[in-house]
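First the structure, in the form of structure tokens, and then the observations on it.
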Amino acid sequence: MTSSTREEIVEVFDALDAAVDRLCDLTFDALTTPEFLRGMERLEKVHRRMRTPQHALINHLKTQATEDELGGKLPAALAERLRITKADANRRIAEADDLGERRALTGEPLGPLLGATAAAQREGLIGDAHIKVIRDFIAHLPSTVDVGTWEAAEKDLAGKACDFRPDQVATYAHELMALLHPDGDYTDDERARTRGLTLGPQQYDGMSRLSGLITPELRALLEAAWAKLAAPGAGIPDGDTDTRSQLQRNHDAIITAIRELFATGELGTHNGLPVSIIVTTSLKDLEAGAGRARTGGGTRIPLPTLIGWAATAHHYLAVFDGAKPLALFHAKRFANLAQRLMLLAKDGGCTRPGCDVPGYHAQVHHASGWTNTYVTDIHDLTLACGID
């Protein structure tokens, strides 16, 4: 493939914009039902094909752009520029690694790692959900599978994806995995590679979804803890009837275990603060016993829950009467405990525009260089994280 000129690239993008503008202005009343379906099919195919140039652009950015040019690391730059989540940006970068054109260390061009899958995507025959099934399958193949078998399996799945829905391909992928790895004797390294937990964002009601894969070790620990702490009646005052489901008891048992861990005081410090729950609220809400408070991690906590905590642990509470933060001054370079607590209450997290790192993971920085003033004043301190 020959290199495209800058003029050619701009011309094609302009023509694409013009064609999409015309498409968006169309009305479809003149079509029949089969033609409606054919139109949907063609749009889906074009949408899928657009991923191929996207992979190329991402891979060029990854290999050629500097962090200074991007304003940070690539996932953060994509998230900001495209207004997508960092998780989505990371997914697109990982897919570009697998499905985009590559180059050897010597500079010679190489085909995509998942060649058959990339070819099917380029033709618009498979979509994002198909690709997720195939990439998940490849990620779970044991290291004992040889390269020839690995490539044949990828080609087989890509072929099936051209003819079947993602859920059907997933069923076939499980059957294929059983053939290639019938004993399921995964190694500790493979389990370590796939482990992980994700805490999803809070919903409107304050609830959050916890999902992921846990190792046999964590499972064994949970089983032992749940046997005691999630038993019927555990944590319920004597004489009261336990009406909770097993799922609810499992949830409450984790709260009990973590509370007891916090109560030991053996977790040390993090970013200059004792490991504890740090909460901000207003004097008005606290006096009313209603409304919501906010933790250093950005979690919204109902006030009745916050008040209930007072008897069970040593948490830190910053109360604002209005918006003015506490004025604290000292001549040392490093912020003291009280200042760190107030910054968590005032800023909530990293203060860089667009950054969503919560206060627990941010660090204290001087707004003006300390070497210029030799003063560490709460009004000249702010929370910020390292470069993305």
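Residues in the sequence shown are numbered consecutively from 1, following UniProt numbering.
Glycine included, each C-beta is placed from N, C-alpha and C at the ideal position.
Since the structure is predicted, the reported quantities are computational estimates derived from the model, not experimental observations.
Next item on the list: Kindly give me the distance between the Cβ atoms of ALA173 and LEU197, rounded to whole angstroms, as I take these residues to be in contact under 8 Å.
Entry: Not a contact, Cβ separation roughly 24 Å.
Check: Would you call the CB atoms of ALA263 and LEU229 closer than 8 Å?
Finding: no
Check: Where in the segment 135 to 209 do unbroken runs of the beta strand (DSSP E), each at least 3 residues long, occur, reported from the N-terminal end onward?
Finding: 196 to 199
Check: Taking the beta strand (DSSP E) that HIS292 falls in, what are its first and last residues?
Finding: The question names His, yet the displayed sequence has Arg at residue 292. Per DSSP, ARG292 belongs to the beta strand (DSSP E) from 292 to 295.
Next item on the list: May I ask you to report which of helix, strand or coil DSSP gives ALA225?
Entry: helix
Check: Considering ARG300, what are the terminal residues of the beta strand (DSSP E) in which it resides?
Finding: 300 to 302
Check: Counting pairs of beta carbons, one from the segment 100 to 118 and one from the segment 53 to 61, are three or more of them closer than 8 Å?
Finding: yes
Notebook entry, point to check: Is ARG91 helix, strand or coil when you go by DSSP?
Noted result: helix
Notebook entry, point to check: Roughly how many whole angstroms lie between the Cα atoms of ASP163 and GLN246?
Noted result: 42 Å
Checklist line | Start-to-end residues for the alpha helix (DSSP H) that takes in VAL357 | finding: Per DSSP, VAL357 belongs to no alpha helix (DSSP H) and is neither H nor E.
Notebook entry, point to check: What three-state label does DSSP hand residue 427 in the structure shown?
Noted result: With the chain covering 1 to 388 only, the question about residue 427 has no answer from this structure.
Next item on the list: Select from MET207, ARG49, ALA192, PHE28 the residue whose C-alpha is nearest the C-alpha of ILE126.
Entry: ARG49
Note to self: With the cut-off set at 8 Å, would you say ALA116 and GLU154 are in Cβ contact?
What the structure shows: yes
Note to self: So, for VAL145: in the same chain, excluding its five sequence neighbours on each side, which residues have a beta-carbon less than 7 Å away from its beta-carbon?
What the structure shows: LEU180
Check: Is it right to say HIS130 is buried, meaning 16 or more other beta carbons lie within 10 angstroms of its own, or is it exposed?
Finding: buried
Note to self: Please report the straight-line C-alpha distance between ALA323 and THR281, rounded to a whole angstrom.
What the structure shows: Residue confidence for ALA323 is low, a pLDDT of 47 falling below 50, so the modelled location carries little weight and cannot support an answer.
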